[in-house]
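In what follows, a single structure is set out as structure tokens and then discussed.
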Amino acid sequence: MKHMAVYLMLVLGGNASPTADDVKKALSAVGVESDDERLTALISELSGKDLNELLEAGLPLLAKFGGGGGGGGGGDAAADVVEEEEEKVEEEEIDMSGGMDMFGGEEGTGDY
3 MKHMAVYLML VLGGNASPTA DDVKKALSAV GVESDDERLT ALISELSGKD LNELLEAGLP
63 LLAKFGGGGG GGGGGDAAAD VVEEEEEKVE EEEIDMSGGM DMFGGEEGTG DY
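Residue numbers for the sequence shown follow our numbering, so the first one is 3 and each next one is one higher.
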């Protein structure tokens, strides 16, 4: 997955057809080692193919993953959720008028 992510970033960055060396260089720049076998397989699979066409062709496959959040429910579960009013929390104001300034000295001494 890391190889594919770097490959896509290189394409978005303007490199129309990144090589295995390009991907390795980008990974090593952030301290990540590459798996040569997987990287070679990825580069050979993508070689000579238009990435935009591949992404568009794979879009229907994403529907198989679903898109829900967590939990079961399903169906009209979202309609059953009751909205609760947020409680307003008022902050207490602290009287800082006496005694000390922010540096621990006495207020108004003029030693600044």
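Glycine included, C-beta positions come from ideal geometry on N, C-alpha and C. These numbers come from a predicted model, not from an experiment.
- Following the DSSP letters along the chain, one finds Val32 in no alpha helix (DSSP H), marked with neither H nor E.
- Here DSSP, grouped into helix, strand and coil, assigns Ser19 to coil.
- Listed in chain order, the non-local C-beta contacts of Asp52 below 8 Å within the same chain number zero, local neighbours out to five positions each way being set aside.
- Between Ala28 and Leu12, the C-beta gap is smaller than 8 Å, which places the two residues in contact.
- Annotation for Ala7: the continuous alpha helix (DSSP H) segment containing it runs 4 to 14.
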